[in-house]
Amino acid sequence: QKSQWLQIRREKPDYTLMWGWGVMNQVAIQEAVNIRYPMENFIGIWWSGSENDVLPAGEGADGYKALTFHNVGDDYPVFDDIQQYVVDAGKAAGAGDQIGTALYNRGLYAAMLAAEAAKTAQEMTGETVITPAQMRDGMENLEITEAKMADLGLPNFGPEFSVSCMNHGGEGYAAVAQWDASAGKWSLITDYMQSDQDVLAPLIEADSSAYAEENGIEGSCN
């Protein structure tokens, strides 16, 4: 990445967007620190916003921003239950010290959505044991409301959304989190913002249709 960051130092862009993941994030953030790039103008995507990405750069990473699909930190009732019934009970897969971190929260959020989709499928079919096709139907009828998140111990943890056969991705909302190096934590600094569906939706539709035609797949949504 050295040549890229030399170019950024030379051209001084107002903002830099990083589409990164894995160890490249650590390297990029350190390089930004090295050239004294204003961290508040350096924004990563959702795979570029974990503690693993910012901690190696120390205080230099202060102010760095990244997108997120959900809220941050551990100030939610569900984490008290996880601590009591999983970690303290000796049932945690790890040491139990990752609760509230960006990647832990992302995994928890994904697991919650999968569980709620399965519950939706069970309610639709009246069956306890569901088939893969029924799980798909549950996912395509998933609706996440603030009331549901609050009932699950995750109030205001993510945006409200619904899924359908025609729309598997929701409405494309994300928020911006910012790293506070001295406190060692992320803070959500914006509301959830919708991506530009007027631009994205036609591109997705065209690419999906082309893939379906190339592979002999017929659409199944009515």
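Going by this note's numbering, the first residue of the sequence shown is number 17, and it counts up by one from there.
Every residue gets a Cβ at the ideal spot worked out from N, C-alpha and C, and that includes glycine.
No experiment lies behind these values; they were computed from the predicted model shown.
Beta-carbon proximity of residue i to residue j, cut-off 9 Å
i: Gln46; j: Gly76; result: yes
i: Tyr80; j: Met40; result: no
i: Gly116; j: Asp91; result: yes
i: Asn68; j: Asn121; result: no
i: Val192; j: Leu83; result: yes
i: Trp195; j: Val70; result: yes
i: Trp21; j: Ile51; result: yes
i: Gly123; j: Lys201; result: no
Exposure of residue i, with buried meaning 16 or more beta-carbon neighbours within 10 Å
i: Ser64; result: buried
i: Ala149; result: exposed
i: Ile233; result: exposed
i: Gly235; result: exposed
i: Ala199; result: exposed
i: Ala118; result: buried
i: Gly154; result: buried
i: Asp66; result: It is worth fixing the name first, because residue 66 is Ser in this sequence and not Asp. By the 10 Å Cβ count, Ser66 comes out buried.
8 Å contact criterion, which residue i and residue j should meet: CB distance rounded
i: Gly36; j: Ala44; result: 6 Å
i: Cys181; j: Glu156; result: 5 Å
i: Phe177; j: Gly186; result: 4 Å
Limits of the alpha helix (DSSP H) - the one that residue i falls within
i: Gly142; result: Counting along the chain, Gly142 falls outside any alpha helix (DSSP H), and DSSP gives it neither H nor E.
N-terminal and C-terminal residue of the beta strand (DSSP E) that residue i is part of
i: Tyr189; result: 189-196
Is there contact here, the stretch 133-143 with the stretch 161-178, by at least three beta-carbon pairs under 8 Å? no
Assess contact between the stretch 196-207 and the stretch 218-232, defined as three or more Cβ pairs (one per stretch) separated by less than 8 Å. Is contact present? no
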